[in-house]
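**Student:**
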Ligand code: PMP
Ligand code: GLU
């Protein structure tokens, strides 16, 4: 009998986290690595949020929190959904989890049966496909290119639907392409889904605030979709709180209750102190974190400017999140400093070894021609990283 389950053997290691670990290891060996691999803001958590956590410690929030979240946090989430997204939820439709990653893992576990197909537009965030596989589902990847700004068209969606389709699962703003679906584009996808009322939608909106178009649209805003969309969000990105581990969903009550039941068996409620801090994070106006969004936009423009001068990097114009996802296939088959580059993985490794810049190979995001660079780094680091890359590939 095998020691490990087929379930775990069937999935891959999270490449984003693996690359971050590799960069950490090289730094410990004394190498001056610039990390553009991990999707993690380089800002510190704002003081007003930290103060709320300190207050919670002093107020002795040290017991188990309710499995699906403190009532005051649910209040804050209900208010946030109404204020920012025009969505109305009651408490029973909200579940707070240990990061949006757990929210997504819960959803996969409570919704997918063996053989169910999940449509995932490519490029996608690394964990989607593995969470589907972990639950014996079948990921149906829909490839997109720069030509459509890495967005899935309604025609592609329709062509991917089969009698086994259970879900559509995407992020907007998208990790890794930075693409943002407009309200009209979401409506066009919803029009297709109208013909297939049993298909559930998981809309991952964790980059909602990091959006340079000036407007965020949610699939659940369409009245005819509301009953079958689960909106996933969290505080990791816009509030610079990756390590605090709080994410949440708003969606149909039956699904929320199932997530609550799942969570009650595997983790219990999310960290009590972090939950109290997030009440403050969400109750305050999002304008308090606008300075970080403004800085991300400056960095986005900087990266695009610098990339324009580097041969063989083709990219879309990311309108949100903090990634660029250039197509680097120009280098495939070429030899640089005696090393043959056959694919994006070779190229990403080459940049790590020769430029000391950590990126992530696009394969993990479902696009083997691209690499992902996170610009959640300082302008100085970005300038230095681009200069090193330019030198390494000259
Ligand atoms: N969704 C997307 C698209 C992400 O990039 C991430 C990255 N962390 C997550 C979900 C999970 O976020 P967290 O678990 O930190 O809330
Ligand atoms: N979401 C981030 C990323 O894509 C963090 C790493 C992870 O959670 O996988 O890099």
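In my numbering, the protein residues as written are 125 to 518.
We treat Cβ as the ideally placed atom computed from N, Cα and C, and that holds for glycine.
(1) Would you say residue 330 and residue 358 are within 8 Å of each other, going by their C-beta atoms?
(2) Report the three-state DSSP secondary structure of residue 253 (helix, strand or coil).
(3) Check whether the Cβ atoms of residue 294 and residue 328 lie closer than 8 Å to each other.
(4) Heavy atom of ligand 2 less than 7 Å from the Cβ of residue 249, yes or no?
(5) Pull up the distance between the alpha-carbon of residue 297 and that of residue 244, whole angstroms please.
(6) Tell me which residue opens and which closes the beta strand (DSSP E) that residue 463 is part of.
(7) For residue 223, report the span of its alpha helix (DSSP H) as first-last.
(8) Check for me: the beta strand (DSSP E) holding residue 357 runs from which residue to which?
(9) State the Cα-Cα distance for the pair residue 146 and residue 321, rounded to the nearest angstrom.
(10) Is residue 136 near ligand 2, with its Cβ less than 7 Å from a heavy atom?
(11) Would residue 380 pass as a contact of residue 373 if the rule is Cβ separation under 8 Å?
(12) Label residue 502 either buried or exposed according to how many other C-beta atoms from any shown protein chain fall within 10 Å of its C-beta, with 16 as the threshold for buried.
(13) Measuring CB to CB, does residue 413 end up less than 8 Å from residue 190?
(14) Hey, would you say residue 400 sits closer than 8 Å to residue 223, going by beta carbons?
(15) Give the DSSP-derived three-state secondary structure of residue 153 in the structure shown.
(16) Can you tell me whether residue 444 is helix, strand or coil according to DSSP?
(17) Do you know whose CA, among 305, 419 and 424, lies nearest residue 447's CA?
(18) Is it the case that the CB of residue 225 approaches a heavy atom of ligand 2 more closely than 7 Å?
(19) Taking all protein chains shown into account, do 16 or more other C-beta atoms lie within 10 angstroms of the C-beta of residue 335, making it buried, or fewer, making it exposed?
(20) On a Cα-Cα basis, can you pick out the residue from 274, 125, 302 and 251 that is closest to residue 443?
(21) Excluding sequence positions up to five away, which residues of its chain have a Cβ less than 7 Å from the Cβ of residue 483?
(22) Closest to residue 266 by C-alpha separation, out of 361, 481 and 283, would be which residue?
**Tutor:** Result, derived from the coordinates:
(1) Yes. Within cutoff.
(2) In the structure shown, the three-state DSSP call for residue 253 is helix.
(3) yes
(4) yes
(5) 15 Å
(6) 463-465
(7) 223-235
(8) 353-358
(9) Straight-line measurement puts the Cα of residue 321 at about 44 Å from the Cα of residue 146.
(10) no
(11) Their beta carbons are under 8 Å apart, which means residue 380 touches residue 373 by this criterion.
(12) Counting every other CB atom within 10 Å of its CB across the protein chains shown gives residue 502 a total below 16, marking it as exposed.
(13) no
(14) no
(15) coil
(16) strand
(17) Closest option to residue 447, Cα to Cα, is 424.
(18) yes
(19) buried
(20) 302
(21) The beta carbon of residue 483 sits closer than 7 Å to those of 160, 161, 472, 475, 495, 496 and 497, all from its chain and outside the five residues before and after it, given in chain order.
(22) 283
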